[in-house]
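What follows is a short report on a single structure.
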Amino acid sequence: MPSYKLTYFNGRGTAEIVRLVFAAAGTEYEDVRLEQDQWPELKPNTPMGQLPILEMDGTMLCQSNSIARYIAKLAGLAGKTPLDQARVDMVMDGMVDMGNKFAYEIYYEKDEDKKAEKKKDYVEKYVPQFFSSLNKLASDGGYFAGDELTLADIAFYNMVTMVNPYLEQPLSLDGFPNLEKVVDNVTSNPGIAKWLKERPETPY
Amino acid sequence: MSSYKLTYFNGRGRGEPARLLFAAGGIQYEDHRVEFAEWQALKPKTQLGYLPMLEVDGTTTISETLAIARFVAKLAGMVGKTPLDEARADMVVDVVKALFDKIVTLHFEKDETKKVGLQKELFEKTMPTSLGNLEKLASAEGYFVGNSLTWADVYFYHVTDMITANYPDLLKDYVNLNKVVGNVKSNPGIAKWLKERPETPF
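Taken in sequence, the protein lines are chains W and A.
Going by the working numbering, the first sequence opens with residue 109, and the numbers climb by one from there.
Going by the working numbering, the second sequence opens with residue 38, and the numbers climb by one from there.
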């Protein structure tokens with residue numbers, strides 16, 4: 109059994125999807141959280157100068173989604189057939205789109221008026237439209253691929269909970285019953301439920 | 038034998054990674070190109086409201102550029118030979134995509150002041166840093182993973198090909214990265230496709 113060491117800052121951020129997958133998979137790992145002043149020394153020794161990184165057996169991986177997919181694959185949580193795996197990938201990519209749009213138009217927007225306008229657009233137009241498509245992709249049992257929990261379900265839950273703190277109100281899943289089931293399936297997974305209770309409380 | 042139908046606009050853009058990989062794998066597929074005029078009518082009928090889309094056996098649809106590309110790469114045996122190699126390929130693709138996203142953002146930015154700032158940051162910081170890191174990840178033989186062509190090499194070629202149209206000196210100083218491009222272009226299936234594919238403005 110290789111030993112896994114995940115390194116990130118002391119927050120959920122882009123590492124949390126990996127932590128959620130480790131939890132669902134029941135795989136042991138070392139959850140290293142760096143203080144900001146420890147980062148400059150490590151940075152040049154990472155593949156792309158970014159966190160999170162995963163170290164195991166003398167090798168280093170970066171890019172949160174690639175790491176998450178790797179751990180999910182080993183635990184059988186990445187989809188059982190090539191087509192199911194593509195479905196999982198598709199939802200993950202959609203989550204990246206959703207996150208990037210949020211980051212660029214809202215999080216990094218310095219003009220307060222523009223920011224408020226973009227937030228309104230995001231919450232009232234973009235998300236409902238996107239959730240409508242996603243609701244059709246999810247089964248009525250609440251799974252994006254096959255009939256069991258996969259990385260896609262975890263990615264959806266993670267993205268929604270990542271943007272919610274920055275909005276006036278949490279994103280609504282009203283009218284999207286399949287998506288509500290997806291979130292239920294994720295939060296009631298035993299490994300994830302345990303992690304959600306035990307994980308450190310952090311501002312991000 | 039499965040049937041594959043790729044739907045995208047009449048251009049390389051986000052459809053080309055899948056086309057290059059179908060070519061590399063010698064896999065037959067229908068290369069359906071939609072004119073912009075047809076798009077408004079088609080859009081509400083699509084899975085996520087955008088293209089490309091891949092239909093498999095007329096029954097299942099996959100969207101998202103990278104999900105499609107990874108799937109086709111799997112069919113072509115070009116994702117990497119072990120889970121770890123697959124993860125390495127994913128990692129490279131993620132970085133290249135992030136670069137591509139920044140280029141696209143720059144391209145569509147309407148605010149002139151913001152645009153100048155983005156361009157400066159992209160070409161003075163982000164690009165050299167990412168390309169420097171990618172140069173270290175690529176082997177001296179010109180492969181990002183192992184010692185044979187994977188979709189990481191193909192996707193890198195595709196994105197830099199799109200960028201060098203406007204910035205021809207992009208890869209000037211990068212020995213390994215130039216080798217990667219060479220390996221992709223000389224893959225027999227891809228070489229044939231590069232000769233035969235429609236000429237399009239994007």
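Glycine is no exception: its CB is placed at the ideal position from the N, C-alpha and C atoms.
Keep in mind the model is a prediction, meaning the values are calculated, not measured.
(Q) With three or more beta-carbon pairs closer than 8 Å as the criterion, would you say the stretch 177-197 of chain A touches the stretch 142-153 of chain A? (A) no
Review point. Between the stretch 170-182 of chain W and the stretch 216-224 of chain W, do three or more beta carbon pairs fall short of 8 Å?
Key: no
_Does the distance between the C-beta of Lys223 of chain W and the nearest non-hydrogen atom of the ligand SAM fall short of 7 Å?_
In terms of ligand content, the structure shown is empty, and the ligand SAM therefore cannot be addressed.
Between A:Glu158, A:Leu143, A:Ala175, A:Tyr194, which has its C-alpha nearest Val212 of chain A's C-alpha? A:Ala175
Kindly list, in the order they appear in chain W, the residues whose Cβ is closer than 8 Å to that of Ala55 of chain A.
The contacting residues do not exist; Ala55 of chain A stays about 11 Å from chain W at best.
task = Taking the CB atoms as reference points, tell me whether Thr115 of chain W and Gly187 of chain W lie closer together than 8 Å.
result = no
message: Just to confirm the assignment, what range does the alpha helix (DSSP H) spanning Ile300 of chain W have?
response: 298-306
Contact under 8 Å by Cβ, Met38 of chain A with Pro155 of chain W
no
request  = Give the DSSP-derived three-state secondary structure of Phe117 of chain W in the structure shown.
outcome  = strand
- [ ] Within 10 angstroms of the Cβ of Gln193 of chain W, are there 16 or more other Cβ atoms? Answer buried if so, exposed if not.
- [x] buried
| task | Rank A:Lys42, A:Glu75, A:Phe181 by C-alpha distance to the C-alpha of Ile99 of chain A and give the top, closest one. | result | A:Lys42
Check your understanding: Which runs of the alpha helix (DSSP H) fall wholly inside the stretch 181-212 of chain A and span at least 4 residues, in chain order?
Key -> 188-201
Does Thr97 of chain A get closer than 8 Å to chain W when you measure Cβ to Cβ? yes
Worksheet item: If you compare alpha carbons, which of W:Thr189, W:Lys305, W:Tyr112, W:Val271 is closest to Gly166 of chain W?
Response: W:Tyr112
Could you check where the beta strand (DSSP E) with Val163 of chain W kicks off and where it finishes? Checking the sequence, you will find Glu at residue 163 of chain W rather than Val. Element bounds for Glu163 of chain W: 161-164.
For Val271 of chain W, I'd like the list of residues in its chain whose CB is within less than 6 Å of its CB, leaving aside the five on either flank, ordered along the chain.
Phe210
Note to self: Could you tell me the alpha carbon to alpha carbon distance between Ala253 of chain W and Tyr215 of chain W, rounded to whole angstroms?
What the structure shows: 31 Å
At the 8 Å Cβ level, is Thr142 of chain A part of the contact set with chain W, yes or no?
yes
Cβ neighbours of Tyr192 of chain A in the same chain (closer than 6 Å, five flanking residues each side left out) = Pro54, Val130, Val133
Quiz item: Relative to the C-alpha of Glu136 of chain W, which residue among W:Leu182, W:Arg120, W:Lys151, W:Phe117 is closest?
Solution: W:Leu182
Next on the checklist: Nearest by alpha-carbon distance to Gln146 of chain W: which of W:Glu163, W:Leu185, W:Asn118, W:Glu138 is it?
Outcome noted: W:Asn118
- For Leu169 of chain W, write down the residues that DSSP places opposite it in a beta bridge. W:Leu162
Notebook entry, point to check: Which two residues bound the contiguous alpha helix (DSSP H) that contains Thr166 of chain A?
Noted result: 164-174
- By how many angstroms is the C-alpha of Ile179 of chain W removed from the C-alpha of Ala61 of chain A? 28 Å
If you reduce the DSSP assignment to three classes, tell me which class Asp68 of chain A lands in.
strand
- Task: Can you give me the start and stop residues for the beta strand (DSSP E) that Asp139 of chain W sits inside?
- Result: 138-142
Taking its Cβ as the centre, do 16 or more other Cβ atoms sit within 10 Å of Leu79 of chain A, making it buried, or is it exposed?
exposed
With DSSP as the reference, identify every bridge partner of Thr225 of chain W, one or two as the case may be. Strictly speaking, residue 225 of chain W in this sequence is Glu, with Thr absent from that position. None, per the DSSP bridge assignment.
**Message:** 8 Å is my cut-off, CB to CB: does Gln84 of chain A come that close to chain W?
**Reply:** yes
Problem set entry | Straight-line Cα distance separating Leu191 of chain W from Thr96 of chain A | 11 Å
- Cut-off 7 Å between Cβ atoms - residues of its own chain near Lys297 of chain W, not counting five sequence neighbours on either side: According to the sequence displayed, residue 297 of chain W carries Asn and not Lys. Around Asn297 of chain W: Ala132, Leu257.
- Task: Report the rounded CA-to-CA distance for Thr310 of chain W versus Ala74 of chain A, giving the unit in angstroms.
- Result: 49 Å
* Measuring CB to CB, does Ala110 of chain A end up less than 8 Å from Leu58 of chain A? -> yes
Q.
Let's see if you can read the secondary structure: which residues bound the alpha helix (DSSP H) around Lys38 of chain A?
A. Here residue 38 of chain A is Met; the residue named in the question, Lys, does not match the sequence. Element bounds for Met38 of chain A: n/a, residue is neither H nor E.
*asked:* Going by C-alpha to C-alpha distance, which of W:Phe238, W:Glu220, W:Gly184 sits closest to Asp201 of chain W?
replied: W:Phe238
Check your understanding: Among all the DSSP beta bridges, which residues are the ones paired with Val98 of chain A?
Key -> One point to set straight first is that residue 98 of chain A is Thr, not Val, in the sequence displayed. A:Glu92.
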